[in-house]
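Have a look at the structure below, then the notes.
Residue numbers (the working numbering): 349 to 469.
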């Protein structure tokens, strides 16, 4: 079945986009995105990702412009581009978190205080 131009929709994806690694409770509940951004990611995130990684070729002029944005050839202009830019920035920020968590630091601090108590005996 061939679609005519009127039936082609930019950023179409058959399934919802979810990123359980970076946003385990979803985009809306993360507190990092506006409601509109969360909706755009949910419904179009797979298309954004496929275009960004080259798994998909653009089918509309809007998708071609999005791809130019992904390659750094132009600045963000649309809500799709701003949303994807925010998503990538947050994923990169999360990837560069320090390896030490508060719980391990607290355990280490508790261990040092126990060692000091034994030394004082």
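Where a beta carbon is used, it is the ideal one built from N, C-alpha and C, also for glycine.
Asked	Found
Rounded distance between the beta-carbons of residue 396 and residue 359, thought under 8 Å	7 Å
Short Cβ contact (9 Å threshold) for residue 399 with residue 375	no
Touch test, the stretch 378 to 386 against the stretch 413 to 421, Cβ-Cβ under 8 Å, three pairs minimum	no
Simplified DSSP state of residue 442, which is helix, strand or coil	helix
Unbroken alpha helix (DSSP H) run spanning residue 404, endpoints	That residue, residue 404, is in no alpha helix (DSSP H); it is neither H nor E in DSSP.
Inter-residue Cα distance where the pair is residue 426 and residue 418	12 Å
Best match in 443, 434, 439 for proximity to residue 382 [C-alpha to C-alpha]	434
Supposed close pair residue 394, residue 363 - CB separation, criterion 8 Å	6 Å
Residue from 357, 368, 361, 356 whose Cα sits closest to the Cα of residue 439	368
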